[in-house]
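Notes to accompany the following structure.
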Amino acid sequence: MSTREPGTESGGAPTRARAAYWDNLKGFLILLVVFGHFVYEYKAYEVFDWVFRFIYMFHMPAFIFVSGYFSKSENSLSARGAGRLFVLFCLLNFSMMIYAYYFDGRDLSILFLYYSSWYLLALFVYRLTWRFVRDLALIFPISLLLSICVGFVPRDLDIVWEWEKIVALYPFFVAGALISEPSVMRFRRALRDRKGAAPMLFVVSCALVAGLAHSGLVAADDLLWRSYGAASHAEVLQALGVRVLVLAVAAFMIAALVAVTPEAPLRPVNTWGRNSLVVYVGHRIFTLLLVLAVPALAADAVTGWLWIALATLAVTAVLGSDTVARPVNRRLDGAVAVVLPPTGAGSGGRALRAVFVAGGLGIALGLVATHSDLPWGARVADRMSQAGREGGAADVDRVLSETQARAIDEAVSVSFVGDLILLRDQVLAAYDAETDSHDFDPVFRHAKPYLTRADLSLGVFEGPMAGAAVGYSTSSYDDHIPIYLNFPDSFARSVKDAGIDFVTTATNHVMDFGVEGALRTLDVLDRIGLGYTGSYRDAREKEDREIAVVTVNGLRIAVLSYTYGSNYYEDAFFFEPENRHITSAIVSPDSPYFAAARQAVLDDFAKARALNPDTIVVLPHMGTQFEHVPDRFQRTWMDLFIKAGADIVFGDHPHAVQPLEWRPSHRPGRDAALVLYCPGNFVNAYTEDDGDAMAIVETYLDPGTGAPVAAGIVPMWAHAPAGGLFSAVPIHDIARNAELRAGLSDHDMARVREVQTLVTNTMLGRSLSFDQSQRMHYLLPDGHAYRRLSDPLDIVGEERRSSTLYAWMSEARSITFVGDSVTEGARNGGYGWYEPLAALFPDARIEKRAWDSHTIGMLLARADEIVETGADLFVIAVGTNDIRYRDPAICAMTADAFIESVEALVERIRAAAPRARFVLIAPWTTDHYDPVTPLEPTEVRTLRDRYSAALDAYAEANGMLFIDPNPALDRVFRTETPARYLIDHIHPNAGAGIRLYSTAVLQASE
């Protein structure tokens, strides 16, 4: 495939004599593209960030403008020409997707464009559509209007295929495609006639771009052409104005570049321009590898500039040379020829069809990648073999491996809770008139066991303790009363007694009662012995304590804290020399103080690194209140903190749960860093806007290095009796504690279920039901949510000793559970019926070999997979689908045929494990209404009794244990609502359901 853009026919088209000019321009721009991408990865440094802003103000608009100019020819606009671009896009995006998966820990998805592949898709779309719109008289103003209006799309939609960016940059392609070469030459001659006009235009343009880049008015998201993502009407108008300003400045700079670019071939820039597509496709991987080799803060600015300059020249010179580009082009042509037919009569239609075939194939492959684990084929084949008769299976929750669980158990744990805040109602509810004091211990009653379990617990002390004399918190929020928070001193004591060791005082309420209130807060914290950082008495104390280092189990953990400001104070206040010591402020990317705040943060990280900590934790107070999606302020600072070297960032302030995510670490020798945007409140009397949904977040640090290896959340719900004090209640405790549930209404329980789903879906990216609640839900650096096996059954004494099954399981070193969807947990997220039972034997190796919708014949066909576990004990629960489906092709249609297949399966297992024991469980009962079976309920029961009796006789004759839990299950379903235990007509839910089934099996084995 040729990277030399073809010339076009007459009528404003480039000619052979003038081609050098455009290649010069494109060569300069591709050099800027490579340079800009190197700089982008280092923009945490202020000096790098400024250059990033300068380049991104115009370089891609200009590159697309030139691409538009080269898109005039019929060859460029042909189906084959568009097809070439699409094939190249698929190759680049797929390779970048694999890189992102292995090196950045990102999910595989066809919905996202990875790194810089968006430009190829954009050019494909532009050229494919241009032949249909080029004759529209108002196409340019229409493209401008689209560019402005597309910024209003929701933030969570504009990232899909980056279509918003493609539309936003369309005016530059249109301008390039519409402009004629004579008009360009007339423009250049007019400037030449005015001596010095062209250089002056270029200087003025550069000054304009530089000033705008330095002003802080234009944020990184604006330069990446993302949606406005604003929270208020005023912010929307400002973002729209910035979009218009960037469009105008980019156009002005393009005019300047057109004016000063020489017409004579400028070697080697001219060659780079001719081979610009090869440079574009090949350069991005080198920019990413450089960051891996030289992290952003591993070198000073001078060294960083040297690396970037040398790398830019080397990559551009090598990839842009004819020596490299020509063979690459030949190989690209070969790859394209595999998909697209050769040129000839009728080839246009065939080429267009081939484009869509290639696209369809790419999408299909992408869907496989998106929804599978590597190796993809095994997962896909497995799913196809399980084409279930009862609807799609639920997504299966991943269970921690022994290695993963051991790493968490041996780690140093650091927990974090959100805003420790007292509104007026909370203060009043805690007051005891008899003792004339406030008791806040009940706030922490349910969460205390979780907080004390951690090696270090951190919190956000969101308010001053200015003393009773000035009055406590004035408002309960949204009551039209100005809000000034002030906490009784006893609140700090309750916080400490609850197990919280260290707090940040850097919040927007730190100055609610002025400097005096902020200072008194520190005195109370010192007196009680609760560690803190975030506000300071004077400049010297800030110098000494701003980087707090806490030693936990031999690890030195550095803690930095920041706030977006304080209520009733402007940004300027905290940057005045006499006030800088009060707290550490961070500001909006649009603030004139952003550069100063960013530099102060980078200086703090330099100080932190000088202390040689094992772990760096940042506690920033920022974000839009009551939003579950992070805003631009948060994303900007989270990027900066991570690139500056943070291991963990625990954010807060939105009073709503927000995502927990893993990022690539920028600390040498480390793989991952953890970002939490917000865990919600700890507890808050204002429960509207999901204020009653929250979580404890726990991070696990490698005890040797301090690197984070895992994270977990404890979903919680804020509850208060009528007129009482709100407390934070872990949802898992509600699920497991009948006494706790007894104090809740049906309305309360409905809200608890909503909160569980909201918290897990928002924070983990996976919606987990109330039935699936656990003491801790884990998120590992691979980006997936994990869990442990369910809690063990609560059985003691004689019940255990009299159970044959319990005795056999106690003696087994390894146990394999075999069966169908009830064993697999295909409908409840992967929670097999046996989990609460198996959890009684933590020293045994537990494995599962079960598949959705399987009959005994289908299990027999997978005997090799069952045998390979080599277990001491096999617990087999199968047969219910043979009874229900009544399909001779896959079912054992009689009890005798069923036993023959069971015997064949047992013999296959015994051939490999002759000493193995077997437990055979009767085919599971079903609810009265079973939509799958063609039989009447009485017929199902009759067949189940026959199969069960035959299985019992076979087990007795062969020294096996037969268990029939169905009588116990049927008694429960006759006396209680089955929906409490069952998801549908047969499958137990992940909570009470599997506990009921495990209990019934254990009791029936006595």
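So for the sequence shown, the UniProt record's numbering puts the first residue at 1; every next one is plus one.
All residues carry an ideal CB built from backbone N, CA and C; glycine is no exception.
Remember, it's a predicted structure, so these values are computed and weren't measured experimentally.
Among 986, 192 and 311, the one whose alpha carbon lies nearest that of residue 926: 986
Residue 647 beta carbon less than 8 Å from that of residue 707: yes
Could you give the first and the last residue of the continuous beta strand (DSSP E) run that contains residue 532? 531 to 533
Could you check whether residue 633 and residue 589 sit closer than 8 Å to each other, using their CB atoms as the reference points? yes
With which residues is residue 694 paired in a DSSP beta bridge? According to DSSP, residue pairing for residue 694 in a beta bridge involves 716.
With a threshold of 16 other CB atoms inside 10 Å of the CB of residue 26, please say whether the residue is buried or exposed. buried
Per the DSSP calculation, residue 777 is bridged to which residue(s)? 713
Are at least three pairs of beta-carbons, each pair with one atom in the stretch 682 to 689 and one in the stretch 402 to 414, less than 8 Å apart? no
Measuring straight from C-alpha to C-alpha, what distance separates residue 766 and residue 206? 47 Å
Environment of residue 363 [buried if 16+ CB atoms lie within 10 Å]: Bear in mind that a pLDDT of 45 at residue 363, under 50, signals an unreliable position, so the number given afterwards is only what the model happens to contain. Residue 363 comes out exposed.
Compute the distance between the beta-carbons of residue 962 and residue 969, then report whether it is under 8 Å. The answer is no: Cβ separation not under 8 Å.
Using DSSP's beta-bridge definition, name the partner residues of residue 727. 719
Proximity below 8 Å, CB of residue 228 to CB of residue 210: no
Alpha carbon of residue 62 to alpha carbon of residue 120, nearest angstrom: 15 Å
Using CA atoms only, rank isn't needed, just tell me which of 654, 649, 72 and 611 is closest to residue 660. 649
What residue range is occupied by the uninterrupted alpha helix (DSSP H) comprising residue 142? 139 to 149
Hey, is the stretch 439 to 450 in contact with the stretch 665 to 678, meaning 3+ C-beta pairs nearer than 8 Å? no
Please list, in chain order, all residues of the same chain as residue 657 whose beta carbon is under 8 Å from its beta carbon, the five residues on each side excluded. 628, 678, 679, 680, 690, 693, 694, 695, 758, 759, 762 and 763
Determine the direct distance from the alpha carbon of residue 994 to that of residue 988, and round the result to whole angstroms. 6 Å
Assumed close pair residue 865, residue 849 - CB separation to whole angstroms, cut-off 8 Å: 6 Å
From the DSSP output, read off the bridge partner residues of residue 504. 460 and 533
Close Cβ partners of residue 29 (< 7 Å) along its chain, the five nearest in sequence each way excluded: Cβ within range, chain order: 59, 62, 63 and 66.
Segments assigned alpha helix (DSSP H), at least 4 residues, entirely inside the stretch 859 to 933: 863 to 867, 880 to 885 and 895 to 912
Okay, do the stretch 820 to 827 and the stretch 878 to 897 touch, 3+ Cβ pairs below 8 Å being the bar? yes
Leaving out five residues on either side along the sequence, give the residues of the same chain with a beta carbon under 6 Å from the beta carbon of residue 1006. 802 and 803
Just confirm the distance between the C-beta atoms of residue 714 and residue 446, as a whole number of angstroms; I'd bet it's less than 8 Å. Their Cβ separation, rounded to whole angstroms, is 10 Å, which puts residue 714 and residue 446 out of contact at 8 Å.
Taking the continuous beta strand (DSSP E) assigned at residue 648, which residues delimit it? 648 to 650
Go through its chain and collect everything with a Cβ distance to residue 771's Cβ below 6 Å, but skip five positions before and after it. Only 989, 990 and 991 meet the Cβ criterion.
Taking the alpha-carbon positions, what's the residue 353 to residue 83 distance? Caution is warranted here: a pLDDT of 49 is assigned to residue 353, below 50, making its placement in the model unreliable, and no coordinate value can be reported.
Let me know the alpha helix (DSSP H) ranges lying completely inside the stretch 178 to 240, each 4 residues or longer, listed in chain order. 181 to 193, 197 to 215 and 220 to 223
Tell me whether residue 369 sits in a helix, a strand or coil according to DSSP, three-state version. Any reading at residue 369 needs caution, since the residue's pLDDT is 40, under 50, leaving its predicted position unreliable; the model's value is listed next. Here residue 369 sits in helix by DSSP.
C-alpha distance - residue 258 paired with residue 198, whole-angstrom precision: 9 Å
So, residue 451 versus residue 500, is the Cβ gap smaller than 8 Å? yes
Would residue 21 pass as a contact of residue 261 if the rule is Cβ separation under 8 Å? With a cutoff of 8 Å on beta-carbon distance, residue 21 and residue 261 are scored as near each other.
Residue 508, buried or exposed, once every other Cβ within 10 Å from all chains shown has been counted against 16: buried
Give the DSSP-derived three-state secondary structure of residue 354 in the structure shown. A caution first: residue 354 carries a pLDDT of 49, below 50, which makes its placement in the model unreliable, though a value can still be read off. Of the three classes helix, strand and coil, the one that applies to residue 354 here is helix, per DSSP.
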